[in-house]
Every structure is written in C-alpha cells, then in structure tokens.
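Engineer: Under this note's numbering, the first residue of the sequence shown is numbered 710, with each subsequent residue one higher.
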Amino acid sequence: MTYGEAVKYILDIPKFSKKNSAEHTGFLLNSLGNPQDAVKVIHVAGTNGKGSVCAYLDAMLRSEGVRTGLFTSPHLVKINERIVIDGSPISDDAFVFIFDKVLSGVKKMEDRGMPHPTFFEFLFVMGLTAFAEAGADYVVLETGLGGRLDATNTVAHPLVSVITSIGMDHMEYLGNTLAQIAGEKAGIIKPGVPVFFSETSPESDRIIESTAKKCGSSCKKIGKDAYEILGIEEKRIAFSPASDYYGNTTWKLNNIGVYQPANAILAMEVMRSLFGSSGRRDLWRKALSDVKWAGRMEEILPDVYVDGAHNVSAVEAFARSVLPDERGRAILFSAVKDKDYAEMISRLCRDVQADFYVVTMIENSRGARAEELGRLFERYTDKPVIVTVDVKEAFDYILAHREGRRVYCLGSLYLAGMIKELIQEEYGCSIMRKN
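(1) Touching or not, the region 731 to 750 and the region 834 to 841, by the rule of three or more beta carbon pairs under 8 Å?
(2) Tell me whether L1124 sits in a helix, a strand or coil according to DSSP, three-state version.
(3) Distance check for G1113 and G884, CA to CA, integer angstroms please.
(4) Tell me which same chain residues have a C-beta within less than 8 Å of the C-beta of Y712, skipping the five on either side of it?
(5) In angstroms with no decimal places, state the Cα-to-Cα distance between I1140 and K787.
(6) Would you kindly report the start and end of the unbroken alpha helix (DSSP H) that includes G814?
(7) According to DSSP, simplified to helix, strand and coil, what is E1112?
(8) In this structure, does DSSP put N757 in helix, strand or coil?
(9) To the nearest angstrom, how far is the alpha carbon of A1079 from that of L779?
(10) Got a sec, what are the start and stop residues for the alpha helix (DSSP H) I1054 sits in?
(11) Between the Cα of M880 and those of V869, I872, K894, spot the shortest distance and give me the residue it belongs to.
(12) I need the straight-line Cα distance from Q1133 to D1105, nearest angstrom please.
(13) Going by Cα to Cα distance, which pick from L737, I875, V967 is closest to G814?
(14) Kindly list the residues whose CB is nearer than 8 Å to the CB of A1039, restricted to its own chain and excluding five residues on each side of it in sequence; keep chain order.
(15) Taking the C-alpha atoms as reference points, what is the distance between R1142 and A1028?
(16) Which whole-angstrom value describes the C-beta separation of L997 and W960, a residue pair presumed to lie in contact below a C-beta threshold of 8 Å?
(17) Nearest to L854 by CA position, among E1052, G1083, V753, is which residue?
(18) Taking the alpha carbon of A764 as the point to measure from, which residue in N862, P867, K1001 has its own alpha carbon closest?
(19) Using the DSSP secondary-structure output, state which residues sit across from F1065 in a beta bridge.
Here you go:
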C-alpha cells in the first residue's frame, strides 16, 4: 500500500467505526506483541496544555540523551505529526510499514468478528508499535478525549501520570462541572504510579488528590506559586522557578503565552522526579528554550500569530497573553459546533481590544457556520465584523487590511492547521511543528 492509500484508509475510518472498549484495544496490542510494555510511558491528560507539556517533556528527555517517542493529537498539517521519534515526525516509508503491521492485526480481529478500531485507536496503536520498533526508551503519551475511557488508558503501567489544567470542554462526554471533568481526567491514575498535576480549582484539585490517594499513588500539585514570570522580551517569555532545586536561574520559552510557564514547570517537576540530582538542568533549560510547539501562540509570519485556543478557558489564557500594542490588533476567528463559541466570542470581545474581526468557517463537517459566528460578534462588539466563509479569502483579507496591526488567528486547532498549510503552500516552506 502506498503512503497516500494508507492515509486515505485512516481518514475514512470514522465513516464506519465506533468507539470500542479498552479490552478491544488491549486485544489488538496483544496481537502485536504488546509494544507498550517495551517502553517507559509518561501518560498526560488534561483540558488545556497537554500538547505543550508533552513537547517540553520530550525535549528535556532528549537532552538527557535518551531515545523518545511522542504521541499527540490532533495533527495540524500532516498526519505523521502525531507520531514523533527523537524529535522528528515519522517518515512516510516508516508510516506505511507500521500501518501495514497494524492493519494485519486488525484483519485478524475482524476475522474473529471483532469490530474495526476507531480513527484514534488505530493511530494510537500505530504510535506504540512505531516507538517499540524504533527502540524508544521513553514515550510521552497524550490522551485523546478525557482519560478514564480513552484508548491510551490501556497502558496499564505508566512511569508517571500527569494532569494539566482542567477546564470546561467536551461537556457532552465528560460532565458539566469541573469536578466531573477532573474525575474523567483522573481516570489515568494507576495504583502506585506517581501523579503530578497543575493547580486549577479547589473542586478539580480535590478530585485528583482523592483519586491518587485511593490508588495509593504519591501526588504532587504544582501550584501557581511554583514560578514567577519575569517578563517578555524578543518574543520569549522568561520565568524563574521557586524551588532551590533549579538554583537562582532564569528560564526562557520560545513563546509569548503567559500560560506556558505553568506547563513548563509541570514538565520540569516530572523530570525532577525521574532524574533527581543527576538531572542535567542546564541542558533542560537549553532544550526548553528551543521548543517550538505549533499552533500555540505561534508566530507564522512577522506579527501574525496562530493560537489553538478552542474553549473558554483557553480563550481566557489567550487574552492574558496578547501583547500590548499601540499599532492595534486584528482577529481572525472560527470554531467548531460542539464548543461554547458564544461564550468564547463574548470573552474575546470583552478582554481583547481589536480594531476589527474577520470570521470564517472551518472546512470540516464540525465547523460552526460563519454567519452565526458573525452575528455573535456583532452582539458583543461595535467594531467592524467581516464574514468570509472561505478560510483563504478570510486570511488574505486580514493580511491585506492589517495596516501594521498585529494579527491573531484563533478559535480552533483546525483553523490553525489550515492557516499553516496556506502559508506552507504560499511561501513554499515548511512550518510544521518541530522542536
């Protein structure tokens, strides 16, 4: 099978499959020799910041000279981005090799009358198989939706369980309160496995701590006092860890998001637990400063940023990160139907002063109608609102009318991926995520 055929097969999976049990995914892994048992897994769940924490962990682990696998979602431009080995997305040839191997296991399952894996389940098993084949020492594994019922939770013996900030998202699946959502995320906690989590709210923190206690797992909350933001200069954010373990040092991230130091310090504390006094913190600092995580306050052209803020708490974090600018701002926005986009738009208009807004529609069956989004913007702002259904036309419009303003594109990772792909096609250069 060719690479194109393999990708088409995977993209077509949602048309005929439905979510399966953990036992189903476990059966497939077992038929492939249980690749999850050949690697040390760091399992990461949470609402916002999962991808960034995973990227920071992967970079610091590689600085220690170990071989790594990184499994994240979604991809922005190319599906290979989901399976990263030693900092590079899996090659097309390797992708096809692993695809064929997993597909052979799926065919055997179907011969036994078992259903086909879902899109995410198939790629998850591909990821673990690829990491085991590559001889990875550590695998940083990001959950998909939730945690308790997530396919990644078939990994029975992770090295560490990590939970990032908790927010209101995917309520139709995870619950309508922070406590309920935290309960689903805390489902990744395993007996005796250390837990590290970001302080979010009293109700969500209590759930995580009580779940860890029931499992007999040590549990460390990384509080908001674990670091101090020192400032932003030359489009990097600087912070200082509070713990003496890191010495009197300044750490910098290649990002202006004020939420990123919290993600970095969570990853750093996990590294501290793994390597202790032998950890080469000078190398960790260099590794973190070099990380470029696509779609998160990422500058894709001079003064043009894409941010994957796709729920209310992420929009709030985005608003705190917008640079003060006398030149003004313009915002390009789109969202998917199942998000609370009315509240996202309300917060955006209230907390970020923009000179005009351009609203578009994601080329996806989940995309919210541009006209509906436009009406909501007009309800919450008296600034001009331009509705353009086509993403390319919307992006071209905002660039043509920016007049020196900073441009921010947000509302969905789908939108971030589409805009990055447009840039790639227009300028003939790759801006895929890379560390």
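Positions of the beta carbon are idealized from the N, C-alpha and C atoms, including for glycine.
Just so we're clear, the structure is a prediction, and the values are computed from it rather than from any experiment.
Structural biologist: In short:
(1) yes
(2) In the sequence shown, the residue the question calls residue 1124 occupies position 415. Helix.
(3) For the purposes of this step, residue 884 is taken as residue 175 along the sequence shown, with counting starting at 1. For the purposes of this step, residue 1113 is taken as residue 404 along the sequence shown, with counting starting at 1. So the alpha carbons of these two residues sit roughly 43 Å apart.
(4) Walking along the sequence shown from the start, residue 712 turns up at place 3. Excluding residues within five positions, the ones whose Cβ falls inside 8 Å are D801, D802, F804, V805.
(5) For the purposes of this step, residue 1140 is taken as residue 431 along the sequence shown, with counting starting at 1. For the purposes of this step, residue 787 is taken as residue 78 along the sequence shown, with counting starting at 1. Low local confidence applies: a pLDDT of 41 at I1140 is under 50, so the model's placement there is unreliable, with the coordinate-based value given in what follows. Answer to the nearest angstrom: the Cα atoms are 11 Å apart.
(6) Sequence index remark: in the sequence shown, residue 814 carries index 105 (1-based). Per DSSP, the unbroken alpha helix (DSSP H) holding G814 starts and ends at 801 to 820.
(7) On the sequence shown, position 403 is the one that residue 1112 refers to. It is coil, neither helix nor strand.
(8) The residue given as residue 757 occupies position 48 in the sequence shown. In this structure, N757 counts as strand in the three-state DSSP scheme.
(9) Locating residue 1079 in the sequence shown gives position 370, where the first residue counts as 1. Locating residue 779 in the sequence shown gives position 70, where the first residue counts as 1. The straight-line gap from Cα to Cα measures roughly 35 Å.
(10) Counting from 1 along the sequence shown, the entry for residue 1054 is found at position 345. Counting along the chain, the alpha helix (DSSP H) containing I1054 begins and ends at 1050 to 1060.
(11) On the sequence shown, residue 880 is found 171 positions in, with the first residue counted as 1. Cα-wise, what sits closest to M880 is K894.
(12) Here the question's residue 1133 lines up with position 424 in the sequence shown. Here the question's residue 1105 lines up with position 396 in the sequence shown. Cα to Cα, the separation comes out at about 14 Å.
(13) Here residue 814 corresponds to residue number 105 of the sequence shown, with the count starting at 1. Nearest option by C-alpha distance: L737.
(14) Taking the sequence shown and counting its residues from 1, one reaches residue 1039 at position 330. Excluding positions up to five away in sequence, the list reads A1063, D1064, F1065, Y1066, V1067, I1107, H1110, R1111, R1114, R1115, V1116, Y1117.
(15) As a first step, residue 1142 is located in the sequence shown; it is residue number 433 there, counting from the start. As a first step, residue 1028 is located in the sequence shown; it is residue number 319 there, counting from the start. Residue placement at R1142 is flagged as unreliable, the pLDDT there being 38, under the threshold of 50; a coordinate-derived value is accordingly withheld.
(16) Looking up residue 997 in the sequence shown gives position 288. Looking up residue 960 in the sequence shown gives position 251. At roughly 6 Å, the Cβ-Cβ gap stays under 8 Å, so L997 and W960 are in contact.
(17) Numbered from 1 along the sequence shown, position 145 holds the residue referred to as residue 854. Closest by alpha carbon: V753.
(18) Against the sequence shown, residue 764 aligns to sequence position 55. Answer by Cα proximity: K1001.
(19) Position 356 of the sequence shown, counted from the start, is the residue given in the question as residue 1065. Partner(s): A1039.
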